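Q:
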Amino acid sequence: MRKNRLKFDYSFYAMTLLAIILGYLNEYFIFALTIIVHECGHLMMAFFYKWELEELKFFAFGGIMEFKGELNKSNIEDFIVSSGGVLFNFVTLIILILMREKMSAFVNMTLYDYAIWAQLFVIIFNLIPLPPLDGSRLINAILCCFFPYKTVLHIIRWLNIGLITIFIAITILYDIRQLFIIVSFLTYSTLRYNKHIYFLFQRFLLQKKMYINVDLPRKIVKVRNDSLEDNIYRGYLNLFQVKNRLHDEIKWLKLKYEENPSLIVDAQIKTD
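Quick note: the sequence shown, position 103, residue 103 per UniProt numbering, numbers continuous.
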């Protein structure tokens with residue numbers, strides 16, 4: 001991995017410094033190892049499908065990976081890569097539980113039990129369906145099998161608003177101060193994600209044009225209006241049926257960005 005692919009956010013350094021000052025360096029080291037196991041799970045699944053890593057960035061509560069053309073991969077691949085981190089943590093959790101008695105004579109059991117709880121926490125935390133967590137990507141991959149991508153983004157946006165409202169309400173009503181930092185992080189991430197949904201969709205279209213994936217399963221999409229953007233599916237090679245004729249997405253995207261460089265106006269399929 002080249003150096004420029006591995007980055008650390010300021011929050012990572014702040015959390016490390018805070019752990020040292022408060023005397024929780026051992027616990028923080030175990031938690032960091034748990035995060036590394038989690039990210040290795042994503043990497044292993046991604047390399048299995050020959051995804052090319054662009055960037056791995058570590059934050060205070062985990063890491064975020066970006067892959068070349070990741071928005072133009074099959075939904076099955078996206079689901080498996082997204083679940084790889086949780087799967088690795090689950091396997092590690094089972095091993096730690098099974099080895100607990102045998103390791104009791106060699107290690108500090110307080111820290112050992114903390115390692116078990118760290119795996120469990122990362123599993124549960126990442127399955128929350130809010131961005132940028134794995135749960136949100138898993139829900140996204142499932143919805144993309146049934147709805148056009150623009151519709152999926154609208155569903156995800158309202159789901160985000162509903163869930164984060166519930167989390168904030170629970171934290172305030174029950175005065176769960178331990179969750180304040182986590183809920184604040186999720187609130188910020190959710191608001192940022194919802195704000196950039198339009199740009200995420202345009203990034204999806206650009207990746208479909210730049211990283212053409214002819215291995216995607218074909219999907220015939222019947223278009224009943226002039227906007228093909230509203231009908232395009234993620235995870236498929238779209239074949240638009242317009243007036244009983246099929247037009248593939250590759251030609252449409254080429255037409256869109258060559259004849260209509262503006263991202264706002266749809267390119268129209270020529271039906272003559």
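All residues carry an ideal CB built from backbone N, CA and C; glycine is no exception. Values in this document were obtained by computation on a predicted structure and should not be read as measured data.
1) Along the chain, where does the alpha helix (DSSP H) that runs through N238 open and close?
2) State the start and end residues of the unbroken beta strand (DSSP E) segment that holds G62.
3) Rounding to the nearest angstrom, what Cα-Cα distance links P131 and R192 in this structure?
4) Between the stretch 21-41 and the stretch 61-68, do three or more beta carbon pairs fall short of 8 Å?
5) Shortest alpha-carbon distance to L153 belongs to which of L200, G84, I124, S184?
6) Helix, strand or coil for D9, going by three-state DSSP, please let me know.
7) With a threshold of 7 Å on Cβ separation, who are the neighbours of C144 within its own chain once the five nearest residues in sequence on each side are excluded?
8) By Cβ distance, which residues of its chain are closer than 6 Å to L159, with the 5 residues on each side in sequence left out?
9) Can you find at least 3 beta carbon pairs, one from the stretch 249-257 and one from the stretch 204-223, that sit closer than 8 Å?
10) Can you tell me where the beta strand (DSSP E) holding K222 begins and where it ends?
11) Would you identify the three-state DSSP class for R137, choosing helix, strand or coil?
12) Ignore the nearest five residues each way along the sequence and tell me which others in L71's own chain have a CB closer than 7 Å to its CB.
13) What residue range does the alpha helix (DSSP H) around H247 cover?
14) Find the nearest neighbour of R137 within the set R157, F121, L120, judged by alpha-carbon distance.
15) Is L52 helix, strand or coil when you go by DSSP?
16) Pick out whichever of K150, F180, F167, L239 has its Cα sitting closest to the Cα of H196.
17) Do I123 and V86 have their C-beta atoms within less than 9 Å of each other?
18) Which same chain residues end up closer than 7 Å to I128 when comparing Cβ atoms and leaving out the 5 residues on each side of it in sequence?
19) Report the rounded CA-to-CA distance for I142 versus L133, giving the unit in angstroms.
A: From the atom records:
1) N238 -> not in any alpha helix (DSSP H); beta strand (DSSP E) instead, spanning 237-242.
2) 62-67
3) 9 Å
4) Result yes; three or more Cβ-Cβ pairs closer than 8 Å.
5) Ranking the options by Cα distance to L153, first place goes to L200.
6) coil
7) Cβ contact annotation for C144 (same chain, cutoff 7 Å, sequence separation greater than five): N75, V152, Y233, R234, G235, in chain order.
8) If we look at L159 and ignore the five residues flanking it on each side, it has no Cβ neighbours.
9) yes
10) 218-222
11) helix
12) R203, F204, Q207, R234
13) Premise fails: H247 lies in the beta strand (DSSP E), 245-248, not in any alpha helix (DSSP H).
14) Nearest in C-alpha terms to R137, of all of R157, F121, L120, is R157.
15) For clarity, residue 52 is Glu in the given sequence; the question names Leu instead. Reduced to three states, the DSSP call for E52 is coil.
16) K150
17) Yes, the pair counts as a contact, with Cβ atoms nearer than the cut-off.
18) G135
19) Spanning the two alpha carbons is a distance of roughly 15 Å.
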